[in-house]
Amino acid sequence: MTAAQLVTLLGLEKSSVSRMVSRLLAAGELEERPCAEDARAKSLALTAKGHDTVAKINAWGTRQVVEALDHLDETQQQTVATGLAAYARALAQCRDSALADTAPQISLMTGYQPGMIGRIAQMHGEYYARHHDFGAFFEGKVASGVAEFATRLSSPANQIWLAIREGENRRLAGYRWRGPRPAGGAFALVHSR
Numbered sequence: 797m798t799a800a801q802l803v804t805l806l807g808l809e810k811s812s813v814s815r816m817v818s819r820l821l822a823a824g825e826l827e828e829r830p831c832a833e834d835a836r837a838k839s840l841a842l843t844a845k846g847h848d849t850v851a852k853i854n855a856w857g858t859r860q861v862v863e864a865l866d867h868l869d870e871t872q873q874q875t876v877a878t879g880l881a882a883y884a885r886a887l888a889q890c891r892d893s894a895l896a897d898t899a900p901q902i903s904l905m906t907g908y909q910p911g912m913i914g915r916i917a918q919m920h921g922e923y924y925a926r927h928h929d930f931g932a933f934f935e936g937k938v939a940s941g942v943a944e945f946a947t948r949l950s951s952p953a954n955q956i957w958l959a960i961r962e963g964e965n966r967r968l969a970g971y972r973w974r975g976p977r978p979a980g981g982a983f984a985l986v987h988s989r
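All residue numbers in the sequence shown are consecutive under the working numbering, ending with 989.
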């Protein structure tokens with residue numbers, strides 16, 4: 797699980813999760829590992845110390861519940877169990893609806909959009925550096941090719957479609973174009989996480 801996934805799961809601010817994760821890393825409770833799905837991200841995992849701490853917390857919680865329930869008769873215990881189960885279901889429904897509300901919205905736009913040339917070059921640069929060890933020369937070719945193509949968008953034969961991820965930071969998520977290939981090669985749809 798990444799820190800970003802923790803933010804979504806816990807419904808907390810990024811800065812709060814970042815501080816908590818930093819403290820747990822410093823205490824040796826968590827460790828960072830390369831993320832299999834995205835080389836730019838880091839997965840968080842419990843260390844042996846972290847697993848031990850979680851086991852102690854769970855044991856303490858279980859002990860507290862058992863001791864409290866020992867003070868109730870069987871009917872009262874059943875009432876508590878039924879109430880907690882209903883409460884857990886309600887919390888799950890709240891979390892599920894909150895997650896649905898935070899799903900990024902993607903809108904499609906055509907034509908030049910401010911920042912698109914740089915973002916397209918960045919997407920290509922990051923992808924091809926990660927997967928094929930391409931560097932600045934390649935990214936520069938992409939940037940100059942996209943910039944040159946953008947000057948021809950007034951022609952009906954040329955068009956660019958941009959997938960824009962809405963939210964706090966509007967961000968280009970992908971693109972596709974139609975028209976003569978720019979000098980330097982062809983470009984395809986690229987997805988960025």
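Ideal placement from N, C-alpha and C gives every residue a C-beta, glycine not left out.
Keep in mind that this is a model prediction, so the values were computed, not measured.
Handout entry: Limits of the unbroken alpha helix (DSSP H) element including Glu825
Key = Taking the sequence shown and counting its residues from 1, the one referred to as residue 825 is at position 29. Premise fails: Glu825 is in no alpha helix (DSSP H) and is neither H nor E.
Exercise for the section: May I ask which residues mark the beginning and end of the alpha helix (DSSP H) holding Met912? Expected result: Here residue 912 corresponds to residue number 116 of the sequence shown, with the count starting at 1. It spans Met912 to His928 - the alpha helix (DSSP H) in which Met912 sits, taken as one unbroken run.
Practice task
Reducing DSSP to helix, strand and coil, say where Met816 ends up.
Solution key: Mapped onto the sequence shown, residue 816 falls at position 20. In the structure shown, Met816 sits in a helix (DSSP, three-state: H, G or I).
Practice task
Drop a sphere of 10 angstroms on the beta-carbon of Ala884, count the other beta-carbons inside from all chains shown, and report buried for 16 or more, exposed for fewer.
Solution key: To locate residue 884, count along the sequence shown from 1; it is residue 88. With fewer than 16 other Cβ atoms within 10 Å, it is exposed.
Exercise for the section: Specify, as a first and last residue, the run of the alpha helix (DSSP H) that Arg836 falls within. Expected result: Start at 1 with the first residue of the sequence shown, and residue 836 comes out as number 40. From DSSP, Arg836 is part of no alpha helix (DSSP H); its letter is neither H nor E.
Practice task
Note down, in chain order, each residue of its chain lying with its Cβ closer than 8 angstroms to the Cβ of Glu825, except the 5 sequence neighbours on either side.
Solution key: Position 29 of the sequence shown, counting from 1, holds the residue named residue 825. Correct list, in chain order: Leu842, Thr843, Lys845, Gly846 and Thr849.
Handout entry: Collapsed DSSP secondary structure at Arg885 in the structure displayed
Key = As a working mapping, residue 885 is identified with position 89 in the sequence shown. Arg885: helix per DSSP, three-state reduction.
Practice task
Take Ala822 and list the residues in its own chain whose beta-carbon comes closer than 6 angstroms to its own, dropping the five residues that flank it on each side.
Solution key: Numbered from its first residue, the sequence shown carries residue 822 at position 26. Around Ala822: no qualifying Cβ.
Practice task
Please list, in chain order, all residues of the same chain as Gly914 whose beta carbon is under 8 angstroms from its beta carbon, the five residues on each side excluded.
Solution key: For the purposes of this step, residue 914 is taken as the residue at position 118 of the sequence shown. Around Gly914: Ala939.
Handout entry: DSSP-derived helix/strand/coil call for Gln909
Key = Start at 1 with the first residue of the sequence shown, and residue 909 comes out as number 113. In the structure shown, Gln909 sits in coil (DSSP, three-state: anything other than H, G, I, E or B).
Practice task
Find out if the Cβ-Cβ distance for the pair Glu935, Ala917 is shorter than 8 angstroms.
Solution key: Position 139 of the sequence shown, counted from the first residue, corresponds to residue 935. Position 121 of the sequence shown, counted from the first residue, corresponds to residue 917. Yes. Within cutoff.
Problem - Spatially closest choice to Asp834 from Ser951, Glu922, Asn954 and Asp929, by CA coordinates - result: The residue labelled residue 834 in the question sits at position 38 within the sequence shown. Asp834 has its Cα closest to that of Glu922, out of Ser951, Glu922, Asn954 and Asp929.
Problem - Per-residue DSSP class, three states only, for Arg891 - result: What you label residue 891 is simply residue 95 of the sequence shown in a count that begins at 1. Reduced to three states, the DSSP call for Arg891 is helix.
Exercise for the section: Out of Arg891, Gln873 and Arg961, point me to the one whose CA is closest to Leu802's CA. Expected result: Numbered from its first residue, the sequence shown carries residue 802 at position 6. Of Arg891, Gln873 and Arg961, the residue nearest in Cα terms is Arg891.
Practice task
Sort Trp957, Gly879, Ala799 and Leu806 by Cα distance to Met905 and report the nearest one.
Solution key: As a first step, residue 905 is located in the sequence shown; it is residue number 109 there, counting from the start. Met905 has its Cα closest to that of Trp957, out of Trp957, Gly879, Ala799 and Leu806.
Practice task
Starting from Ala959, follow the beta strand (DSSP E) in both directions and report where the run begins and ends.
Solution key: Taking the first residue of the sequence shown as position 1, residue 959 is located at position 163. Run containing Ala959: Gln955 to Arg961, per the beta strand (DSSP E) assignment.
Exercise for the section: Would you list the residues sitting across from Ile1055 in a DSSP beta bridge? Expected result: Residue 1055 lies beyond the stretch modelled for the chain, which goes from 797 to 989, so this question has no answer here.
Problem - Collapsed DSSP secondary structure at Val986 in the structure displayed - result: What you label residue 986 is simply residue 190 of the sequence shown in a count that begins at 1. No answer about Val986 holds up, because its pLDDT of 42 lies below 50 and its placement is not dependable.
Problem - Simplified DSSP assignment, three categories, for Thr878 - result: The sequence position of residue 878 within the sequence shown is 82, counting from 1. If DSSP states are grouped into helix, strand and coil, Thr878 belongs with the helices.
Exercise for the section: Would you mind giving the Cβ-Cβ distance between Ser903 and Glu962, rounded to the nearest angstrom? I have them listed as a contact below 8 angstroms. Expected result: Your numbering for residue 903 matches position 107 in the sequence shown. Your numbering for residue 962 matches position 166 in the sequence shown. Yes, they are in contact, since the Cβ atoms of Ser903 and Glu962 sit about 6 angstroms apart, within 8 angstroms.
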